[in-house]
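Asker: Sharing a structure, written as structure tokens. Questions coming.
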Amino acid sequence: MKLQDDYKPYLRDGVDAYVDDQRLIVTFVFLSTRQRLQVKAEQWLIQLLPFFDGVHSIAELSHELPEIKREKLHLFLGYLQSKGLLVDSEWLRQLVFDDEYTSSLQRQLNFMLDILGSPKCVSKAQNKIQCAQVAIFGLGAVGSALFLELLQMGFQNFVLVDGKNLRPDSSDRHTLPLAIDLSLETPTSKVDYYEKCARTLNKNVRIRKEKIKLTTGTELDTLLNKVTFVINFADEPYIGYTSLRLSRYCVENDIPMIVGGGFDAHLASMGELIIPKLTPCSDCYNSYFQETLKNWKPIKHAVRDRSKGIGGLKSMSQFSASSVALKVFRYFVNTGGQATENGGRGEFKFRDYSIDHFSVRRNPNCAVCCD
Amino acid sequence: MAKPKYDLQTHGFEEVSFEAGMMNGQEYTGGCSGGRSDCCTRTCSLDENFAESEKGWEDFLKVEGGQVQY
Amino acid sequence: MIDKTENLRLRPSVSIVSTATENVWEFFLSNTRQVRHLRIRDQRLIHLVTQLNGTSIADLVKEHPDIGSEIAHLFTALVEWCIVEYQSVSKTIFDSTHYRTLNFLSDFIPSYALLSEQRRFRNSKVILIGCGGVGSLLADGIAAIGVGELTLWDPDDVKNNNLNRGLFTRQDVGKSKVRVLADRFEKLYPDLKVTTVTELLEQETQISRHFGQLGSTDLVINAADYPNVDVTSKLIFPTCMNLKIPHIVAGGYNLHLSLIGPTIIPFETPCYKCIEMGLEQLQNEDFSHLRKLVRPKRNIGNLAPLAGISVSFTLNETIRTLLRGSFLYPFMSGKRGEFNYLSNQVNYTTFERQANCSWCSNTHKHPVNPS
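Those sequence lines, one after another, are chains A, B and C. At position 196 of the first sequence (counting the first as 1) the number is 196 in the numbering used here, and the numbers step up by one without a gap. At position 9 of the second sequence (counting the first as 1) the number is 1009 in the numbering used here, and the numbers step up by one without a gap. At position 44 of the third sequence (counting the first as 1) the number is 2044 in the numbering used here, and the numbers step up by one without a gap.
Following this line, the structure appears as structure tokens:
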């Protein structure tokens, strides 16, 4: 389809262009994928490249050009558009979202355009994000930071599950990502507090609050009704228990899930994504660890009550939270419709800033996720 | 090579290795084929201080091979 | 250095595991996942370690005089190696709202030095330039870990398109970024002294004037990425070199790459200019003979969790820089890192001090020539 004369071509931001003025070749580099496209063009066309800036329309660019060159310009622009190099400068306004939503997400949408290549794909992916119903278990240091980032990425529908209160005098305050009500004269439930925080970012956010602790008796059908994504940070009494409980439910009900990091000995774990029937489930992880840890048995510790003896660091919680947020984001923008990550876990180490990865395969005998 | 600060003969102990958590520690658990990252997940709960109080969960989850490891 | 009359205990976050090799024991520091293997000849020694919960070296030696010398050496080493702590210090940690941070740092800082290092921290003065997506989160992190004074520098007001990352809410739109943060910190971190600067940074002289007014400073962090972090670093860092103030580059991103560091200790590590020279030498040769199309109005997208990752690294470097010495040192000195969204990996490039650097070589020590 021929471009209209009022079209203002915009060489999108995620592309670098290098010009060989002698050979009249332009090399376009897609920054996100490092793909390169080389195009040989007449000099006058190359000279027009800086004007593909979303300000100059085709009519203005063709002004004073002879007819044959106007045709060539149209063809050239059409070609660049077909290769994902050009977008309409007004592309953001053409998305399906309301202005307030779009304006706050503008920078993210630009990022997505670079990753996905077309406004249509951006719209589709962001729509999935907007419509997702995410359940977050555990609003501690990592869970709360993750919740903030999900809000900032445009997620709007949540189930928040945490039975605890914030205490005004406690170290909880040092983990608050959004300190919007600092009086906290009386203990406030975490889910109430974070609902309030959420509304300061997006008044349209819909939150179902569950002031409970996940137990063996928790009724999950009701709790996870209409939930399309689960994120687990509940590490009491133990992350393994809560993850197994949730993973079994999610696999049976085809709900993707992430087990987040930040628990003891895994302060900057990057989390594992569980996609039912595709990746290992928590039972597979459990089998794997049972095998690898079978000879690893710590001696009973001399100190009985170790609750305040465990370390944590805001930067490590942040790393965990952001890693999980990236996993969630990737899941929703993946052009294949689901992530293709293998099972496993990454750990960031403070000592030498390296990230250790290990892989976990699905257990072929897993009673939960294998047929 | 610099003399280690502590040696078995003189001090009764010596350092065998120190890892920043990198893979494949030299004196790793005997049967383990993996690296450091995949283990040591349940340090606080793995020992006897913890296990007794969580029988309810263990019974509910009924994992094969005994105690849950994550 | 170690007080043999201090009661000791095995650190709660340390696990002891027997290994397959006779007499070799594994000590796992779970906060940081560091592992130390020790061969301990006498079984009584390892028994004493595993049971250690409130006994001093002096008492242990008295109780076991036949292995007194070995006890003294071993337990001294265990304190140095952060496996064992002073019970008195653990009580101070227990009573502190920063107990998790202190426990974490205790994986690197022996018990006898922990509280004096904490005082160093508490007395630190940090200047943060740039309080946007990365800077605002960073400011909160720096405040939360307990520094003494923080200067926040940013000329901007909060805008709608700032809300997809950082610490601002809709209620903050239109308000000065630094004032929003200062007001928040006044309530949340009452022990923190906060000053603000709202001048638009355009000239190096502004830096030298303000730094002169602010007095001695322990660390400067540049999170000002408009128009880009390179431009702002060249305005800020010459003064840091002249005044010998350690400085860190925080944030900066190139689409799917989050940039990390470097950390610069003037006249000790490669300076910003050294690294710039090193980067030029590494330029992609493919494009060195080509003309890059200049596009002044690019609107590079970004993503909340990528800002979070940048913040995490910078917070780690902040701690390591403020506490640099026998136990900790900046990891990013002489290094620049890139966290890649697409691969989830971080890569580091190491640089050396350049002999002909106009900023820090012997012939150009003072004053710094920023050209």
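Ideal Cβ placement from N, Cα and C applies to all residues, glycine included. The model shown is predicted, which means the values in this text are computed figures rather than measured ones.
Tell me whether serine 307(A) sits in a helix, a strand or coil according to DSSP, three-state version.
Answerer: Residue numbering aside, residue 307(A) sits at position 307 when the first sequence is read from its first letter. Helix, per DSSP.
Asker: According to DSSP, simplified to helix, strand and coil, what is glutamine 2345(C)?
Answerer: As a position in the third sequence, residue 2345(C) is number 345, starting the count at 1. DSSP places glutamine 2345(C) in strand when its eight states are reduced to three.
Asker: Could you check how far apart the C-beta atoms of leucine 2029(C) and valine 2084(C) are, in whole angstroms? I think they sit under 8 Å.
Answerer: The sequence position of residue 2029(C) within the third sequence is 29, counting from 1. The sequence position of residue 2084(C) within the third sequence is 84, counting from 1. Not really, about 11 Å apart at Cβ, beyond 8 Å.
Asker: Which bits of chain B does leucine 2074(C) rub up against, with CB to CB less than 9 Å?
Answerer: Locating residue 2074(C) in the third sequence gives position 74, where the first residue counts as 1. Going along chain B in sequence order, the residues near leucine 2074(C) (Cβ under 9 Å) are Tyr1006, His1011, Gly1012, Phe1013.
Asker: If we require 3 or more residues per run, which beta strand (DSSP E) segments fall completely within the region 256-283 of chain A?
Answerer: Within the region 256-283 of chain A, the complete beta strand (DSSP E) runs of at least 3 residues fall at 257-259, 272-274.
Asker: Which of the three DSSP states, helix, strand or coil, is assigned to valine 227(A)?
Answerer: Within the first sequence, the letter at position 227 stands for residue 227(A). The answer is coil: DSSP assigns valine 227(A) none of H, G, I, E or B.
Asker: So, helix, strand or coil for proline 119(A), using DSSP?
Answerer: In the first sequence, residue 119(A) corresponds to position 119, counting from 1. DSSP places proline 119(A) in helix when its eight states are reduced to three.
Asker: In the DSSP assignment, find the beta strand (DSSP E) that holds arginine 36(A) and state where it starts and stops.
Answerer: Looking up residue 36(A) in the first sequence gives position 36. Run containing arginine 36(A): 36-40, per the beta strand (DSSP E) assignment.
Asker: Going along the chain, which residues of the region 286-299 of chain A sit with their C-beta nearer than 9 Å to a C-beta in chain B?
Answerer: Asn286, Ser287, Tyr288, Phe289, Gln290, Glu291, Thr292, Leu293, Lys294, Asn295, Trp296, Lys297, Pro298, Ile299
Asker: Using the Cβ count rule (16 or more neighbours within 10 Å means buried), how would you classify glutamate 67(A)?
Answerer: Looking up residue 67(A) in the first sequence gives position 67. Burial call: exposed.
Asker: Pick helix, strand or coil for serine 1017(B), following the three-state DSSP scheme.
Answerer: Residue numbering aside, residue 1017(B) sits at position 17 when the second sequence is read from its first letter. It is a strand residue.
Asker: Provide the residue(s) that pair with leucine 2038(C) in DSSP beta bridges, ordered along the chain.
Answerer: If you number the third sequence from 1, residue 2038(C) lands on position 38. DSSP output for leucine 2038(C) lists Glu1015(B), Trp2025(C) as bridge partner(s).
Asker: Does the Cβ of leucine 2200(C) have 16 or more other Cβ atoms within 10 Å, making it buried, or fewer, making it exposed?
Answerer: Counting from one through the third sequence, the residue named residue 2200(C) turns up at place 200. Exposed, since its Cβ has fewer than 16 Cβ neighbours within 10 Å.
Asker: Below 8 Å on the Cβ atoms is my guess for tyrosine 10(A) versus phenylalanine 52(A); work out the distance and round it to an integer in Å.
Answerer: Position 10 of the first sequence, counting from 1, holds the residue named residue 10(A). Position 52 of the first sequence, counting from 1, holds the residue named residue 52(A). Rounded, the Cβ-Cβ distance is 6 Å, consistent with contact.
Asker: Mind checking who histidine 357(A) pairs with in its DSSP beta bridge?
Answerer: On the first sequence, position 357 is the one that residue 357(A) refers to. Beta-bridge pairing links histidine 357(A) to Gly346(A).
Asker: Using the rule of at least 16 other Cβ atoms within 10 Å of the residue's Cβ for burial, across every protein chain shown, is proline 2296(C) buried or exposed?
Answerer: Position 296 of the third sequence, counted from the first residue, corresponds to residue 2296(C). The residue in question, proline 2296(C), is exposed, as its Cβ has fewer than 16 Cβ neighbours within 10 Å.
Asker: Do tyrosine 2272(C) and phenylalanine 2237(C) have their C-beta atoms within less than 8 Å of each other?
Answerer: Locating residue 2272(C) in the third sequence gives position 272, counting from the first residue. Locating residue 2237(C) in the third sequence gives position 237, counting from the first residue. In contact: tyrosine 2272(C) and phenylalanine 2237(C) (Cβ atoms closer than 8 Å).
Asker: Just to confirm, is the Cβ distance from tyrosine 2253(C) to leucine 2306(C) under 8 Å?
Answerer: For the purposes of this step, residue 2253(C) is identified with residue 253 of the third sequence, where counting begins at 1. For the purposes of this step, residue 2306(C) is identified with residue 306 of the third sequence, where counting begins at 1. Yes, these two residues count as a Cβ contact at 8 Å.
Asker: Asparagine 127(A) touches chain C at which residues, Cβ-Cβ below 9 Å?
Answerer: Position 127 of the first sequence, counted from the start, is the residue given in the question as residue 127(A). Simply none; closest approach about 17 Å.
Asker: What residues of chain C sit near phenylalanine 1018(B), judged by a beta carbon separation below 9 Å?
Answerer: Numbered from its first residue, the second sequence carries residue 1018(B) at position 18. Within chain C, the residues near phenylalanine 1018(B) are Gln2034, Val2035, Arg2036, His2037, Trp2081.
Asker: What does the alpha-carbon distance come out to for the pair leucine 2137(C) and leucine 151(A)?
Answerer: Position 137 of the third sequence, counted from the first residue, corresponds to residue 2137(C). Position 151 of the first sequence, counted from the first residue, corresponds to residue 151(A). Separation of leucine 2137(C) and leucine 151(A) (C-alpha to C-alpha, rounded to the nearest whole angstrom) is 15 Å.
Asker: Which of helix, strand or coil does DSSP assign to alanine 135(A)?
Answerer: Locating residue 135(A) in the first sequence gives position 135, counting from the first residue. For alanine 135(A), the secondary structure class from DSSP, reduced to helix, strand or coil, is strand.
Asker: Which of the three DSSP states, helix, strand or coil, is assigned to lysine 164(A)?
Answerer: In the first sequence, counting from the first residue as 1, residue 164(A) sits at position 164. Reduced to three states, the DSSP call for lysine 164(A) is coil.
Asker: With three or more beta-carbon pairs closer than 8 Å as the criterion, would you say the region 227-239 of chain A touches the region 2195-2211 of chain C?
Answerer: no
Asker: By a C-beta neighbour count over all protein chains shown, 10 Å radius and 16 as the cutoff for buried, is leucine 2303(C) buried or exposed?
Answerer: The sequence position of residue 2303(C) within the third sequence is 303, counting from 1. With 16 or more other Cβ atoms from the protein chains shown falling within 10 Å of its own Cβ, leucine 2303(C) counts as buried.
Asker: Where do the N-terminal and C-terminal ends of the alpha helix (DSSP H) with lysine 2273(C) fall, by residue?
Answerer: On the third sequence, position 273 is the one that residue 2273(C) refers to. Note, lysine 2273(C): alpha helix (DSSP H), 2272-2281.
Asker: Give me the residue from Val2134(C), Thr2169(C), Arg2033(C) with the minimum Cα distance to leucine 2105(C).
Answerer: If you number the third sequence from 1, residue 2105(C) lands on position 105. Among Val2134(C), Thr2169(C), Arg2033(C), the Cα nearest to that of leucine 2105(C) is on Arg2033(C).
Asker: Give a yes or no on whether the minimum CB-CB distance between cysteine 1040(B) and chain A is below 8 Å.
Answerer: To locate residue 1040(B), count along the second sequence from 1; it is residue 40. Low confidence applies to cysteine 1040(B): its pLDDT is 38, below 50, so where it sits in the model is not reliable, and the reading given next is rough at best. At least one chain A Cβ lies under 8 Å of cysteine 1040(B).
Asker: Just list the residues that DSSP pairs isoleucine 2002(C) with in beta bridges.
Answerer: Taking the third sequence and counting its residues from 1, the one referred to as residue 2002(C) is at position 2. Isoleucine 2002(C) is not bridged to any residue.
Asker: Cβ atoms of valine 161(A) and alanine 132(A): under 8 Å apart, would you say?
Answerer: In the first sequence, the residue the question calls residue 132(A) occupies position 132. In the first sequence, the residue the question calls residue 161(A) occupies position 161. Cβ distance not < 8 Å, so alanine 132(A) and valine 161(A) don't count as in contact.
Asker: Rounded to whole angstroms, what is the Cα-Cα separation between arginine 245(A) and glutamate 272(A)?
Answerer: As a position in the first sequence, residue 245(A) is number 245, starting the count at 1. As a position in the first sequence, residue 272(A) is number 272, starting the count at 1. Cα-Cα distance, rounded: 15 Å.
Asker: State the DSSP-derived secondary structure class of valine 19(A), mapped to helix, strand or coil.
Answerer: What you label residue 19(A) is simply residue 19 of the first sequence in a count that begins at 1. Strand.
Asker: Report the three-state DSSP secondary structure of proline 2238(C) (helix, strand or coil).
Answerer: To locate residue 2238(C), count along the third sequence from 1; it is residue 238. Correct three-state label for proline 2238(C): helix.
Asker: Give the DSSP bridge partners of histidine 2247(C), in chain order.
Answerer: Working through the third sequence from its first residue, we reach residue 2247(C) at position 247. DSSP, once it has assigned bridges, lists Val2220(C), Ile2264(C) as partnering histidine 2247(C).
Asker: Can you give the beta carbon distance from glutamate 1014(B) to tyrosine 1006(B), rounded, assuming they're within the 8 Å contact cut?
Answerer: Counting from one through the second sequence, the residue named residue 1014(B) turns up at place 14. Counting from one through the second sequence, the residue named residue 1006(B) turns up at place 6. Contact holds; Cβ gap of about 5 Å.
Asker: Within a Cβ cutoff of 6 Å, which residues of the same chain sit near glycine 2413(C), ignoring the five residues on either side of it in sequence?
Answerer: Limits of chain C in this structure are 2001 at one end and 2371 at the other, which puts residue 2413(C) out of reach.
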